[in-house]
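Sequences listed follow chains D and W, in order.
Residues in the first sequence are numbered from 2 upward in steps of one, following our numbering.
Residues in the second sequence are numbered from 2 upward in steps of one, following our numbering.
All C-beta atoms, glycine included, are put in the ideal place defined by N, C-alpha and C.
There are 2 protein chains.
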Amino acid sequence: MSVTAPQGFVAAGVAAGLKSTGRPDVAVVVNRGPLKVGAAVFTSNRAKANPVIWSQQVIRDGTVEAIVLNAGGANCFTGAFGFQTTHETAERAAELLAVSAGDILVCSTGLIGSGDEVFRAKVLAGTEQAIAQLSAEGAEAASEAIMTTDSRPKRVVAAGDAWTIGGMAKGAGMLAPGLATMLVVLTTDAVLTPEEADAHLRHATRVSFDRLDSDGCMSTNDQVSLLVSGASGVTPDPDEFRTALTEACIALAEQLQADAEGASHDIRIVVENAASEDDAVVVGRSVARNNLFKAAIFGNDPNWGRVLAAIGTTDAAFDPYDVDVWMNGVRVCTAGGPDRPREEVDLTPRATHVLIDLKAGDASAIILTNDLTHDYVHENSAYSS
Amino acid sequence: MSVTAPQGFVAAGVAAGLKSTGRPDVAVVVNRGPLKVGAAVFTSNRAKANPVIWSQQVIRDGTVEAIVLNAGGANCFTGAFGFQTTHETAERAAELLAVSAGDILVCSTGLIGSGDEVFRAKVLAGTEQAIAQLSAEGAEAASEAIMTTDSRPKRVVAAGDAWTIGGMAKGAGMLAPGLATMLVVLTTDAVLTPEEADAHLRHATRVSFDRLDSDGCMSTNDQVSLLVSGASGVTPDPDEFRTALTEACIALAEQLQADAEGASHDIRIVVENAASEDDAVVVGRSVARNNLFKAAIFGNDPNWGRVLAAIGTTDAAFDPYDVDVWMNGVRVCTAGGPDRPREEVDLTPRATHVLIDLKAGDASAIILTNDLTHDYVHENSAYSS
Numbered sequence: 002m003s004v005t006a007p008q009g010f011v012a013a014g015v016a017a018g019l020k021s022t023g024r025p026d027v028a029v030v031v032n033r034g035p036l037k038v039g040a041a042v043f044t045s046n047r048a049k050a051n052p053v054i055w056s057q058q059v060i061r062d063g064t065v066e067a068i069v070l071n072a073g074g075a076n077c078f079t080g081a082f083g084f085q086t087t088h089e090t091a092e093r094a095a096e097l098l099a100v101s102a103g104d105i106l107v108c109s110t111g112l113i114g115s116g117d118e119v120f121r122a123k124v125l126a127g128t129e130q131a132i133a134q135l136s137a138e139g140a141e142a143a144s145e146a147i148m149t150t151d152s153r154p155k156r157v158v159a160a161g162d163a164w165t166i167g168g169m170a171k172g173a174g175m176l177a178p179g180l181a182t183m184l185v186v187l188t189t190d191a192v193l194t195p196e197e198a199d200a201h202l203r204h205a206t207r208v209s210f211d212r213l214d215s216d217g218c219m220s221t222n223d224q225v226s227l228l229v230s231g232a233s234g235v236t237p238d239p240d241e242f243r244t245a246l247t248e249a250c251i252a253l254a255e256q257l258q259a260d261a262e263g264a265s266h267d268i269r270i271v272v273e274n275a276a277s278e279d280d281a282v283v284v285g286r287s288v289a290r291n292n293l294f295k296a297a298i299f300g301n302d303p304n305w306g307r308v309l310a311a312i313g314t315t316d317a318a319f320d321p322y323d324v325d326v327w328m329n330g331v332r333v334c335t336a337g338g339p340d341r342p343r344e345e346v347d348l349t350p351r352a353t354h355v356l357i358d359l360k361a362g363d364a365s366a367i368i369l370t371n372d373l374t375h376d377y378v379h380e381n382s383a384y385s386s
Numbered sequence: 002m003s004v005t006a007p008q009g010f011v012a013a014g015v016a017a018g019l020k021s022t023g024r025p026d027v028a029v030v031v032n033r034g035p036l037k038v039g040a041a042v043f044t045s046n047r048a049k050a051n052p053v054i055w056s057q058q059v060i061r062d063g064t065v066e067a068i069v070l071n072a073g074g075a076n077c078f079t080g081a082f083g084f085q086t087t088h089e090t091a092e093r094a095a096e097l098l099a100v101s102a103g104d105i106l107v108c109s110t111g112l113i114g115s116g117d118e119v120f121r122a123k124v125l126a127g128t129e130q131a132i133a134q135l136s137a138e139g140a141e142a143a144s145e146a147i148m149t150t151d152s153r154p155k156r157v158v159a160a161g162d163a164w165t166i167g168g169m170a171k172g173a174g175m176l177a178p179g180l181a182t183m184l185v186v187l188t189t190d191a192v193l194t195p196e197e198a199d200a201h202l203r204h205a206t207r208v209s210f211d212r213l214d215s216d217g218c219m220s221t222n223d224q225v226s227l228l229v230s231g232a233s234g235v236t237p238d239p240d241e242f243r244t245a246l247t248e249a250c251i252a253l254a255e256q257l258q259a260d261a262e263g264a265s266h267d268i269r270i271v272v273e274n275a276a277s278e279d280d281a282v283v284v285g286r287s288v289a290r291n292n293l294f295k296a297a298i299f300g301n302d303p304n305w306g307r308v309l310a311a312i313g314t315t316d317a318a319f320d321p322y323d324v325d326v327w328m329n330g331v332r333v334c335t336a337g338g339p340d341r342p343r344e345e346v347d348l349t350p351r352a353t354h355v356l357i358d359l360k361a362g363d364a365s366a367i368i369l370t371n372d373l374t375h376d377y378v379h380e381n382s383a384y385s386s
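Given below as structure tokens:
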């Protein structure tokens, strides 16, 4: 169900020939209302794809009727022609749905620099075809249509007090969001104003997708959208809704991590006792982006020296010679020296836990990352993506 | 010859049993004078090895008698015992050379966290043994003794106007300097004051080792030292000396790049027409640290979209939609869109050239990096280093 689990939404996913495999590649999600509230956050990469540039305008008034998504081409760095493709996609959807093109979000994913006449024709045809097939049962196909190197679709449903949140996501590489990440569509039938939707979404993405750093590479096409139908007629308790939305985003972020390209370990880096949450994030991210650390985890090697060498490059407040590092429950480093023997650490499970105690305050953060593997190198060198 | 090419220097390299292979692992370089001038730059990583902490004190007065270097153990995060090991190493060398321990630089390289009683005993014995074998012919053995995962020693000799510069270096991984990098010893018989030596060395390292970013991982043990004997009796032209020292450092940096762990491409990223040199460096480094770009080059894929996605994460001054990207002489991207077909780019040679024209000013910088390969993952996951 995912995005159609809340009342007031229909969806579809169709094969428009953008993927050479013939798999579904265009998805549409439509909000039937009564509310047509939308919020979205976008990649902070200055190199932005045309659909991002378009959607940033659409979201300004907080009104969204529908979202059109395609895989098989990022429509990024495709010039004026590419922007026109996005514009025409919104126009075509608006015409068929009898709404304004200015209320249609567009997302694309695939190879940067691809977006020619053939691409445009296929996206437009796919949009028409998907809109003709819209239904409450279309969520599954929609979540499959946005997949690129993903090996499986990512979906979530969270039930609140007489309201529901649904969501779908795609992403397996170039997975290191700045402000948002990847393509994610969230829906709810709770009653929210545009301002509430925006605030809840920003909070939820900040502590979920923004804490996922699989490979240090920030995408040009990231977009997380929340569509609000209000069809339940229920105004949720703000804290309860925010918590449910955050949990839904974390669940999707963990699905993205678990399906990261070539990864053999899902690494949860917990930074504790930092002077600030920002410090905790900076420290965790420095480890998540350290190729030597990531390669060591692939080799089941609890090489804590690489953790300290990574965090020493940050300007976070802590004494490098008074930091504790735990790996899978074993304290391998304390007070500037080795602690338990590295042989005690079992890194064979996929789930890997690194705890860094900075002893500098009471803030904390969790960063999710993956290891650096032969399969990652293979997937990202063997063909363009 | 390398470090003993200038007059006034002797060196030695011996096997002290620190390397399991039985290869040489302790080196000593001694300045016979008449000047005993020294300058050094160190890693900017806050996680610093004990020899770095020690040597930062030694260099304060600009006087250096000798430098002791070992491979087979980084003596980093080894606590008070480890610092005492470095101190004792300097004391032992000072005693045998009849000089002050406060004028002995110490460098170590190897696994972080290793530096126990056995390590100390071997380093001290190796220091004694090396000092007993000092000679003008010892430079070759010294350059071999500091190797870790290096497949070959790195040496340079530059002849000036009646003065000479010599140098040796080691480094193959954790190769992304902050202020200096790796272990490098430079020698000269030119006449220089401590202030001149320091200024020349800082200039030379800033545009050589500091522009090398093989794997984004900054070491805890980096140290570049310049020992000045003045034995030629010649005071060099400052510009001429600075140029020669810079060229010598670039030659060593290129040798380090060419021997980077597992690399199959030496990538020279030239950033042109930047608003400032800092901007050019930031832009070049963002590409050098992008795993997707590096994996693409390994796969001989001129994936310029990954270049733009990387530079878009920086705050350098440029318009992302008006940047030209050239790969091995072919302009693959211009004005926010594709240019020449990617098929025209031949990435099979090891030497790879990426030119990024920011069209934002007249500053430029060159960053040296390597690709991300299966061999890199293998070398850094199969065993601790």
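Checking 8 Å against the spacing of the C-beta atoms, do residue i and residue j come in under that value?
i      : j      : result
W:I166 : W:I270 : no
W:A75  : W:A50  : yes
W:L246 : W:A200 : no
D:G394 : D:A146 : Absent from the structure is residue 394 of chain D, since the part of chain D shown begins at 2 and ends at 386.
D:I298 : D:T236 : no
D:A142 : D:P25  : yes
D:L387 : D:S209 : One cannot answer for residue 387 of chain D here, as it falls past the ends of chain D, which runs 2 to 386.
D:G139 : D:G111 : no
W:V229 : W:L97  : no
W:V192 : W:G168 : no
D:A261 : D:G362 : no
State buried or exposed for residue i, treating a residue as buried only when at least 16 other CB atoms are found within 10 Å of its CB.
i      : result
D:M240 : For the sequence presented, residue 240 of chain D should be read as Asp rather than Met. It is exposed - the Cβ of D:D240 has fewer than 16 other Cβ atoms within 10 Å.
D:V119 : exposed
D:S233 : buried
W:D214 : buried
W:K20  : buried
W:R351 : exposed
W:V4   : buried
W:A133 : exposed
D:R153 : exposed
D:Q58  : exposed
W:A318 : exposed
W:R286 : buried
D:E390 : The requested residue 390 of chain D is not part of the displayed model; chain D covers only 2 to 386.
W:S265 : buried
W:A122 : exposed
What is the DSSP secondary structure of residue i, counted as helix, strand or coil?
i      : result
W:F43  : strand
D:A266 : First, the residue type needs correcting, since residue 266 of chain D is His and not Ala in the sequence shown. In this structure, D:H266 counts as coil in the three-state DSSP scheme.
W:Q134 : coil
W:I147 : coil
D:N301 : coil
W:W327 : strand
W:S365 : strand
W:R156 : strand
D:C250 : helix
W:N291 : coil
W:L49  : What sits at residue 49 of chain W in the sequence shown is Lys, not Leu. Three-state result, W:K49: coil.
D:G80  : helix
What does residue i pair with, by DSSP beta-bridge criteria?
i      : result
D:Q224 : D:F43, D:L184
W:S109 : W:N71
D:F10  : D:N32
D:A142 : Answer by DSSP bridge pairing: none, since D:A142 is not bridged.
D:V38  : D:T64, D:V229
Item to check | Residues of the region 69–90 of chain D with Cβ closer than 9 Å to any Cβ of chain W, in chain order | outcome: A75, C77, F78, T79, G80, A81, F82, G83
Checklist entry - Mind listing which residues of the region 325–357 of chain W have their C-beta closer than 9 Å to chain D's C-betas, in chain order? => result V333, C334, A336, G337, G338, P339, R343
Checklist entry - What residues in the region 204–231 of chain W bring their beta carbon closer than 8 Å to a beta carbon of chain D? => result D216, G217, C218, M219, S220, T221
Next on the checklist: Against chain W, which members of the region 109–136 of chain D pass a CB distance test of less than 8 Å?
Outcome noted: L112, I113, G114
Item to check | Near-chain D residues of the region 30–62 of chain W (beta-carbon distance less than 9 Å), N- to C-terminal order | outcome: T44, S45, N46, R47, A48, K49
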